[in-house]
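A quick write-up on the structure given underneath.
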Amino acid sequence: MSKKIYLPLLLLMFSAMGLQAQFEISAELRPRFELNDGYANVPTDQTEPTYFVSQRSRISLKFNQEKYRMFFSLQDVRVWGDDNVATGSATFMNTGSTGIHQAWAEFDVFANSRIRVGRQEFKYDDQRLLAWRNWNQFGLTYDALLYSYKRENWQFDVALSYNNDASKGGSAGFGVNNFDVDPITRRLRTLNFIYLKNQITEEFSLAMLNLLTGYQADKTSSTTYLMATQGFYGEYKKNAFTGKFNVYYQYGKTQSGKDVSAYMITAEADYKARKLSIGAGIDYLSGQDASNADADYQEGYHAFDMLYGVRYARYGNMNQFLVPGSTRNGGLIDIYPKLAYHFSPKSTLRATYHFFSLATKIDEPGGNLTLLEGSLGSELDMIYAHKFSKEIIFSAGVSVYNTNDTFAKVKGVSPTDIKTPVWGWVMLTFKPTLFSSK
0 MSKKIYLPLL LLMFSAMGLQ AQFEISAELR PRFELNDGYA NVPTDQTEPT YFVSQRSRIS
60 LKFNQEKYRM FFSLQDVRVW GDDNVATGSA TFMNTGSTGI HQAWAEFDVF ANSRIRVGRQ
120 EFKYDDQRLL AWRNWNQFGL TYDALLYSYK RENWQFDVAL SYNNDASKGG SAGFGVNNFD
180 VDPITRRLRT LNFIYLKNQI TEEFSLAMLN LLTGYQADKT SSTTYLMATQ GFYGEYKKNA
240 FTGKFNVYYQ YGKTQSGKDV SAYMITAEAD YKARKLSIGA GIDYLSGQDA SNADADYQEG
300 YHAFDMLYGV RYARYGNMNQ FLVPGSTRNG GLIDIYPKLA YHFSPKSTLR ATYHFFSLAT
360 KIDEPGGNLT LLEGSLGSEL DMIYAHKFSK EIIFSAGVSV YNTNDTFAKV KGVSPTDIKT
420 PVWGWVMLTF KPTLFSSK
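Structure (structure tokens):
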């Protein structure tokens, strides 16, 4: 049968399916040019800017039936020119850049209840602890089982997961349960959570999230240390005003077996007046205080871990603070005023200024028995976005970091050698629907 005949018959078959179900094929193409002289790194007099184009390419299949649904997404992420199968005159492919982004099936089990199993995205509240990290070209997904219940003003979700090596799926893995995939030393062993949300009034909602995460003790052990993160997220919306807050506490054990006692508190408010939006926020993530001489305190761990939450959208677009390690376990205070001007419903310019500080005192690197504290400098982020249509979005951004001596020392760079970190990017997002049986 020729391709000319086969393709119309295939589409006709999907259209017939649409009488009882819905089938959709969609795609995403997202090339991004970047000038990097400070994104996720600290430039010095000995370094020079890098220029590159990365690209995300996705094809997604969605199937919806009355009682069940299925979603499959295949993606390829690459930097232009990084193909490992090539000749001197052409590039062919990169054998390591293609993979499954999402693959899940969802079933209605009881009234208002569903179960989803497979690789899926998790996005909850303002994504400070569970996020899809969409800025990253790869994104972030989880292999898990999710139960979800929704009724009227209530939502209740429970997720369970357990990760292991591919070798454990056969007889070769019998009797050996340690998770020894190299070179990743901090690979997630298990992620579990309970989420409860209530829309208390038309304006105010309150959510409770209880996370239980586990990491293997070391590469030669099957011991998993568990850490719990529990707290609340609140959101108030009325007319042009929006207010949000987070309060979370962590306890349990770190991957090295230390007892955890850490917390995060955030507050944020926004107000929109015609074409102008103004807002401000403050985040406080606890750290390990080097000036606290109490033996019990120092034997524990007090730096809050954001786990799987967003960094780029919260703590400066330049990703200097992925905490806790990026501040040497000193925690982080982020105070950020922000402005947005809406030229039209399709065109917006946003600016956010971050004032960063250590939450606690830390030992200065180098072993000179001095402490570092206070300001870590500031960062200005500006982003312009224009939506040509629901399928095509153009965006561009520039970020500049104002460093100081404390910032340089925390990052392990001599204050006399550091340059001003600068980063700029231009991105096109194209997300067409290729076929729909609706």
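Note that numbering that gives the first Met the number 0 has the sequence shown beginning at 0, numbered continuously upward. Every residue, glycine too, gets a C-beta built ideally from N, C-alpha and C.
TODO: Please list the segments of the alpha helix (DSSP H) lying wholly inside the stretch 229 to 296, counting only runs of 4 or more residues, in order along the chain.
DONE: none
TODO: Throw me the rounded Cβ distance for the Phe22 and Phe70 pair, which I believe falls under 8 angstroms.
DONE: In the sequence shown, counting from the first residue as 1, residue 22 sits at position 23. In the sequence shown, counting from the first residue as 1, residue 70 sits at position 71. With a Cβ gap of about 11 angstroms, Phe22 and Phe70 do not count as contacting.
Task: Coarse secondary structure for Glu23, derived from DSSP in three states - done: Your numbering for residue 23 matches position 24 in the sequence shown. Reduced to three states, the DSSP call for Glu23 is strand.
Task: the stretch 122 to 136 touching the stretch 293 to 311, judged by at least three CB pairs closer than 8 angstroms - done: In short, these stretches touch, since the Cβ pair count reaches three.
- [ ] From the DSSP output, in three-state form, read off Val309 for me.
- [x] As a working note, residue 309 is residue 310 in the sequence shown. Reduced to three states, the DSSP call for Val309 is coil.
Task: Identified DSSP bridge partners for Pro336 - done: In the sequence shown, residue 336 corresponds to position 337, counting from 1. Beta-bridge partners of Pro336 (DSSP): Ala279.
Task: Gln74, buried or exposed, once every other Cβ within 10 Å from all chains shown has been counted against 16 - done: In the sequence shown, residue 74 corresponds to position 75, counting from 1. It counts as buried.
- [ ] Report all residues from its chain with a CB closer than 6 angstroms to the CB of Val399; omit the five preceding and five following residues, and keep chain order.
- [x] By 1-based counting over the sequence shown, the position of residue 399 is 400. Closer than 6 angstroms at Cβ, skipping near neighbours: Leu379, Val421.
Task: Phe406, enclosing beta strand (DSSP E) - first and last residue - done: Locating residue 406 in the sequence shown gives position 407, where the first residue counts as 1. Premise fails: Phe406 lies in the alpha helix (DSSP H), 404 to 409, not in any beta strand (DSSP E).
- [ ] Indicate whether Ala158 and Tyr146 have their beta-carbon atoms separated by less than 9 angstroms.
- [x] Translated into the one-based positions of the sequence shown, residue 158 becomes position 159. Translated into the one-based positions of the sequence shown, residue 146 becomes position 147. Yes.
Open item on the list: What does the alpha-carbon distance come out to for the pair Gln154 and Tyr232?
Closed with: Walking along the sequence shown from the start, residue 154 turns up at place 155. Walking along the sequence shown from the start, residue 232 turns up at place 233. Using only the alpha carbons, I get a separation of about 14 angstroms.
Task: Given 8 angstroms, three or more beta-carbon pairs between the stretch 351 to 364 and the stretch 378 to 395 - done: yes
- [ ] Please confirm if the stretch 205 to 220 is in contact with the stretch 247 to 264, defined as three or more CB-CB distances below 8 angstroms between the two stretches.
- [x] yes
Open item on the list: Restricting to runs no shorter than 4 residues, where is the alpha helix (DSSP H) found entirely within the stretch 354 to 410?
Closed with: With a minimum length of 4 residues, the continuous alpha helix (DSSP H) runs that stay inside the stretch 354 to 410 are 404 to 409.
TODO: Could you tell me which of Leu225, Asp416, Asn316 sits nearest to Asp404, measuring between CA atoms?
DONE: As a working mapping, residue 404 is identified with position 405 in the sequence shown. It is Asp416 whose Cα lies nearest to the Cα of Asp404.
Task: Buried or exposed (CB count within 10 angstroms, at least 16 for buried), Asn316 - done: To locate residue 316, count along the sequence shown from 1; it is residue 317. By the neighbour-count definition (other C-beta atoms within 10 Å, threshold 16), Asn316 is a buried residue.
- [ ] May I have the straight-line CA-CA distance separating Lys345 from Lys386, to the nearest angstrom?
- [x] Sequence index remark: in the sequence shown, residue 345 carries index 346 (1-based). Sequence index remark: in the sequence shown, residue 386 carries index 387 (1-based). Rounded to whole angstroms, the gap between the alpha carbons of Lys345 and Lys386 is 5 angstroms.
TODO: Evaluate contact between the stretch 335 to 350 and the stretch 47 to 66, counting only Cβ atoms and requiring at least three cross-stretch pairs below 8 angstroms.
DONE: no
Task: Beta carbon of Lys360 nearer than 9 angstroms to that of Ser290 - done: Counting from one through the sequence shown, the residue named residue 360 turns up at place 361. Counting from one through the sequence shown, the residue named residue 290 turns up at place 291. Yes.
Open item on the list: On the criterion of 16 or more Cβ atoms from any shown chain inside 10 Å, does Trp79 qualify as buried, or is it exposed?
Closed with: Looking up residue 79 in the sequence shown gives position 80. It is exposed - the Cβ of Trp79 has fewer than 16 other Cβ atoms within 10 Å.
Task: Sequence ranges, alpha helix (DSSP H) only - wholly within the stretch 58 to 127, length at least 4 - done: none
- [ ] Evaluate Thr46 with the Cβ neighbour count: other Cβ atoms within 10 Å of its Cβ, from every protein chain shown; 16 or more gives buried, anything less gives exposed.
- [x] As a first step, residue 46 must be located in the sequence shown, where it is residue number 47. Its Cβ having fewer than 16 others within 10 Å, Thr46 is exposed.
- [ ] Determine the extent of the beta strand (DSSP E) in which Gly423 is found, giving its start and end residues.
- [x] The sequence position of residue 423 within the sequence shown is 424, counting from 1. Boundaries of the beta strand (DSSP E) harbouring Gly423: 421 to 429, taken from the DSSP string.
Open item on the list: For a cutoff of 9 angstroms on Cβ pairs, would you count Leu338 as touching chain C?
Closed with: Of the protein chains in the structure, only one exists, and it is not chain C.
Open item on the list: If distances are taken between C-alpha atoms only, which option among Tyr194, Gly168, Thr140, Gly242 comes closest to Lys149?
Closed with: If you number the sequence shown from 1, residue 149 lands on position 150. Looking at the Cα atoms, Tyr194 is the closest of the given residues.
Task: Whether Gly299 touches Asp362 by CB criterion (9 angstroms) - done: On the sequence shown, position 300 is the one that residue 299 refers to. On the sequence shown, position 363 is the one that residue 362 refers to. Result no, Cβ atoms of Gly299 and Asp362 do not sit closer than 9 angstroms.
TODO: On the DSSP bridge assignment, give the partners of Ser471 in chain order.
DONE: It is not possible to answer for residue 471, since the shown part of the chain is limited to 0 through 437.
TODO: Given a cut-off of 9 angstroms, decide if Ile392 and Thr428 are closer than it, judged by their beta-carbon atoms.
DONE: The residue given as residue 428 occupies position 429 in the sequence shown. The residue given as residue 392 occupies position 393 in the sequence shown. It is a contact, given that the beta carbons lie within the stated cut-off.
Open item on the list: Would Val425 and Arg31 be called neighbours here (beta carbons separated by less than 9 angstroms)?
Closed with: The residue given as residue 425 occupies position 426 in the sequence shown. The residue given as residue 31 occupies position 32 in the sequence shown. Closer than 9 angstroms, so yes.
TODO: Using DSSP bridges, identify the partner residues of Tyr226.
DONE: Along the sequence shown, one-based indexing puts residue 226 at 227. It is Met, not Tyr, that sits at residue 226 in the sequence shown. Bridge partners of Met226: Thr212, Gly251.
Open item on the list: By the DSSP assignment, the beta strand (DSSP E) with Lys149 in it spans what residues?
Closed with: Mapped onto the sequence shown, residue 149 falls at position 150. Its beta strand (DSSP E) spans residues 141 to 150.
Task: Rounded C-alpha distance that separates Asp269 from Ile281 - done: Taking the sequence shown and counting its residues from 1, the one referred to as residue 269 is at position 270. Taking the sequence shown and counting its residues from 1, the one referred to as residue 281 is at position 282. So the two alpha carbons sit approximately 12 angstroms from each other.
TODO: Please name the residue, chosen from Lys167, Gln249, Glu201, that lies closest to Ser221 on a Cα-to-Cα basis.
DONE: Residue numbering aside, residue 221 sits at position 222 when the sequence shown is read from its first letter. When only C-alpha atoms are compared, the closest one is Lys167.
Open item on the list: Can you tell me whether Ser325 is helix, strand or coil according to DSSP?
Closed with: Residue 325 sits at position 326 when you count from the first residue of the sequence shown. Helix at Ser325.
- [ ] With a threshold of 16 other CB atoms inside 10 Å of the CB of Ser343, please say whether the residue is buried or exposed.
- [x] Numbered from its first residue, the sequence shown carries residue 343 at position 344. Flag for Ser343 reads exposed.
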